[in-house]
Structure formats: structure tokens, C-alpha cells
Amino acid sequence: MLLTKFGHACVRVEKDGRRLVIDPGGLTEPQALDGADAVLVTHEHFDHFSEERLRRAAAANPGPRIWADSSSTTSCSTPETP
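So, in C-alpha cells, the structure goes:
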């Protein structure tokens with residue numbers, strides 16, 4: 001298992017060729033999400049959650065599953081929502 005810290009709060013966990021990124025917030029280097037298979041957001045503070053960063057990563061690689069707390073998911077707006 002390989003753990004890599006990115007910025008203030010983000011950690012990438014790699015094992016058996018899979019990557020989990022935890023808390024890729026506003027103070028995280030963008031490359032932390034490269035090749036991510038899954039993302040976990042623990043809470044909505046800006047240093048742990050960046051909607052813009054997650055949307056960019058999902059657009060570049062639509063494969064990762066994203067798990068987040070209810071506050072973070074509620075704060076996300078969707079393009080389909082008026």
C-alpha cells in the first residue's frame with residue numbers, strides 16, 4: 001500500500017493498482033485526482049471539498065466513484081437543476 005499526501009488535507013491511497021483519493025479540497029494539488037478510481041469527501045470545508053475540482057476530474061475521467069457526506073452532496077449544484 002502506498003499513501004501520498006497532497007497539500008493540506010488530501011491523501012491518495014494506492015493498493016493493487018487502485019487509487020482512492022480522500023478529501024481533495026481547495027488546497028490540494030490538481031494531480032492528486034489523476035487516475036483516481038474513487039474519491040471520498042469527509043466534509044464540506046473548502047480544504048476537504050472542492051466541487052469545481054471534482055467536476056473537472058469527473059469530466060477528464062468519468063470512471064471514478066465519488067462518496068461524500070450529505071452536506072457536501074447538498075451543496076453541489078447539478079447542470080440540470082434550474
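Numbering follows the UniProt record's numbering, in which position 50 of the sequence shown is assigned residue number 50; successive positions increment by one, without gaps.
Every residue gets a Cβ at the ideal spot worked out from N, C-alpha and C, and that includes glycine.
Values in this document were obtained by computation on a predicted structure and should not be read as measured data.
What are the boundary residues of the beta strand (DSSP E) that residue i is part of?
| i | result |
| --- | --- |
| LEU20 | 18-22 |
Looking at the structure shown, is residue i part of a helix, part of a strand, or coil, going by DSSP?
| i | result |
| --- | --- |
| ALA36 | coil |
| LEU2 | strand |
| GLU52 | helix |
| ARG12 | strand |
When burial is assigned at 16 or more other CB atoms within 10 Å of the CB, is residue i buried or exposed?
| i | result |
| --- | --- |
| SER25 | Note on residue identity: the sequence assigns Gly, not Ser, to residue 25. It is buried - the Cβ of GLY25 has at least 16 other Cβ atoms within 10 Å. |
| ARG56 | exposed |
| ALA60 | exposed |
For a quick check, are the C-beta atoms of residue i and residue j less than 8 Å apart?
| i | j | result |
| --- | --- | --- |
| ALA38 | ARG12 | no |
| VAL21 | ALA32 | yes |
Rounded to the nearest angstrom, what separates residue i and residue j at their Cα positions?
| i | j | result |
| --- | --- | --- |
| SER50 | ASP69 | 13 Å |
| LEU27 | LYS5 | 12 Å |
| GLY17 | SER71 | 31 Å |
| ASP47 | CYS10 | 8 Å |
| ARG53 | GLY7 | 14 Å |
| GLY35 | ARG19 | 7 Å |
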